[in-house]
Amino acid sequence: MDALVKLVLERLEKRMTSTATFMVMENTSFDEHILLQNQLISFAGIDYGHIRELMSDTLVPWVACLHRALAYDCEVTIRLAVPVTSLMNPSVILDWPIKFLDKFGHPVYAFSQGWITASFVRSCESQSVIVIYRGGQRFTMAAREEVER
């Protein structure tokens with residue numbers, strides 16, 4: 003019995019540091035076995051159509067796999083294949099427990115407050131992208147200075 007417990011613990015420890023990447027395309031198959039072996043799951047090749055599927059919670063194969071990954075307590079990252087523009091809705095970043103990266107690998111952040119303060123900006127990693135609600139959010143002067151630095 004001790005050998006079985008040791009084996010399970012070894013596999014769990016290995017899973018905690020293992021990474022898998024799914025390229026999201028039309029014909030991609032999403033093997034659930036990969037989610038059991040890897041804690042860090044990345045979905046790459048995401049475009050605006052994929053973001054719309056995620057926002058509307060359309061259960062296409064990649065969104066269903068993302069749901070399973072979250073259910074298996076995986077840390078999920080979405081790597082965009084397109085630039086972050088005004089087509090990117092901040093609510094998708096706020097609503098999902100996922101890390102978003104732009105096409106250059108920079109983290110993407112959003113905030114729900116109307117005024118984005120310097121402390122919010124400082125909480126972001128260097129070279130990151132902040133997506134704002136069009137017409138509904140503003141940077142404070144101190145936040146603007148922080149962004150420029």
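In my numbering, each number is its position in the sequence shown, counted from 1, plus 2. We put the CB at the ideal spot given by N, CA and C, even for glycine.
{"query": "Cβ pair valine 110, isoleucine 53 closer than 9 Å", "result": "no"}
{"query": "Whole beta strand (DSSP E) elements within the region 28-111, 3-residue minimum", "result": "42-48, 77-82 and 101-103"}
{"query": "Closest Cα partner of leucine 89 within the set Asp49, Leu14, Gln139 and Arg146", "result": "Asp49"}
{"query": "Continuous alpha helix (DSSP H) stretch holding valine 10: start and end", "result": "4-19"}
{"query": "Burial state of leucine 61, where buried means 16 or more other Cβ atoms lie within 10 Å", "result": "exposed"}
{"query": "Distance CB(tyrosine 135)-CB(proline 99) smaller than 9 Å", "result": "no"}
{"query": "Top-ranked residue by Cα proximity to phenylalanine 106, from Asp75, Arg146, Ile36 and Gly47", "result": "Gly47"}
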